[in-house]
Amino acid sequence: MRSIISITDLSPEELGALMATADDIIARPQEYAERMKHKKLATLFYEPSTRTRLSFEAAMYELGGQVIGFSEAASSSAAKGESVADTVRTISCYADIIAMRHPKEGAPMVAAMNASVPVINSGDGGHNHPTQTLADLYTIKREKGHLDGLNVGVCGDLKFGRTVHSLIEAMSRYDGVQFTMISPEELKVPSYVKQHLKNRQIPYTQTTDFVSALPQIDILYMTRVQRERFFNEDDYVRLKDSYVLTPQMLTGAKEDLIIMHPLPRVNEISVAIDRDPRACYFKQVLYGKYMRMALILMLLEEKR
Amino acid sequence: MNIDAIKNGIVIDHIKAGGGMSIYNFLNLGVLDCSVALIKNAQSTKLGKKDVIKVDRLLDIDFHALGFIDPNITINVIRDGVRVEKYHPDLPQRITNILKCKNPRCITTTEQELPHIFVLTDEENHEYRCVYCESKAPGL
């Protein structure tokens, strides 16, 4: 039995296998419609989420399984002070697999240490969000046809943006990848992410100048400045609209650029971009569901 | 008290001058009822000045954790008046309940019973990170 806490818990070979399974699910959905029959997924969401929780639930239903869980800490025993360890020991008696989102960093690891069923980290504070990264990698693979040799531009909140950290970690394992990091000074990537790139001799540039950086980029990964990550409201207000992608800004961008976003979007991508064929963020949502299906299959069939 | 005077005990030598008290406190030597000497600013041909701790009792302690505080120190184990062991503690791969994670978003801030575990992530720079949230370890 294994849990997935970080994207690094999956080898590049396993990532390839998950993508192959997702391709097969898309091609032959009927073959998978009952694969998780009589299995239950528990979605333990200690903070609000639309996409991730519903994506997991849709994934389990499409595999023929069932879903139990809660969608906010207030409606769980956490409100009474129950520890994560005790909660997952209890839930392990009811469900075959757990998907957990928690505002505290490391909570899913604590869950995995105490659960007797697989745990999938579905986002822990500003730390990791591996299934979003699965969605991101699969989107790149489907839309570009390959994962190597790409200039990956990440823009916005690179400090607290867990999806960015996981994406950098995952993409840095493919040959010839480089990163362009666009952010305000206050929201630059943490030092450990840069150290990781330096250790692997992976080229990266950091800039505050979005427009100048855009023409070199193959993948543009936009992120939202998240209010819930700030202790100081003034800092949030000052930084929230640092970068807004508009159609004019795309004039110098590559024709085969793909624009991604983990969603929800607030202001950082103009809605006019949605009509641009380079916009891939809603496809990303769909690909995410297929990858979650593939991951649930892998973890539960491996366990069996 | 000098090293020859100890019959069964521990001498922690080559402590960086000024660091002796941290190690004394870290090992909680104040609670011992045997002779304990903390010598500050002793002359050292290697370091110029050094601190030395002598404990007149054999302690059942994993001294390798001291490598996190000062990897240059030397541990001497004395039995029956003879030095039977001498070693430098390596940087430990993992340290438990020595430091507390300072990241306010870390799960250890709300779940008080969790052990505070840090793992060595960069040996060259002596860098440790929290096993839960991957934040850099604070200094002692």
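If you're matching them up, the sequences are chains Z and F in order. According to the numbering used here, the residues represented by the first sequence are 1 to 304, in order. According to the numbering used here, the residues represented by the second sequence are 305 to 444, in order. Every residue gets a Cβ at the ideal spot worked out from N, C-alpha and C, and that includes glycine. As the structure is a prediction and not an experimental result, all values here were calculated from the model.
One alpha carbon belongs to F:K311, the other to F:V386, and they sit about 7 Å apart.
Contact annotation for F:N407 against chain Z: E105 [CB-CB distance below 8 Å, chain order]. Of the other Cβ atoms in all chains shown, 16 or more fall within 10 Å of the Cβ of Z:Q132; this residue is therefore buried. The criterion of a C-beta distance shorter than 8 Å is satisfied by F:R433 and F:F422. In this structure, Z:V152 lies near Z:Y221, with their beta-carbon atoms less than 8 Å apart. Among the residues of chain F, those whose CB is under 8 Å from the CB of Z:S83 are E415 and E417, following chain order.
For Z:Y221, the secondary structure class from DSSP, reduced to helix, strand or coil, is strand. Using a 10 angstroms sphere on the CB of Z:C155, the tally of other CB atoms reaches 16 or more, which defines it as buried. Judged by DSSP secondary structure, Z:S166 falls within the alpha helix (DSSP H) whose first and last residues are R162 to M171. By the neighbour-count definition (other C-beta atoms within 10 Å, threshold 16), F:L363 is an exposed residue. Around F:E427, the same chain offers L395 as residues with beta carbons nearer than 8 Å, after the five sequence neighbours per side are excluded. Contact between F:V359 and F:C338 holds, with the beta-carbon distance rounding to 7 Å and staying under 8 Å. Under a criterion of Cβ atoms nearer than 9 Å, no residue of chain F is adjacent to Z:H129; the nearest Cβ is some 14 Å distant. In terms of Cβ geometry, Z:L167 and Z:D136 form a close pair [threshold 8 Å].
With a cutoff of 8 Å on beta-carbon distance, Z:P103 and Z:G69 are scored as not near each other. For the C-beta of F:E427, not a single chain Z residue is nearer than 7 Å; the gap to the nearest is close to 12 Å. Residue pairing of Z:N151 in beta bridges, as defined by DSSP: Z:Q178.
Secondary-structure assignment with DSSP links F:D337 through no beta bridge to anything.
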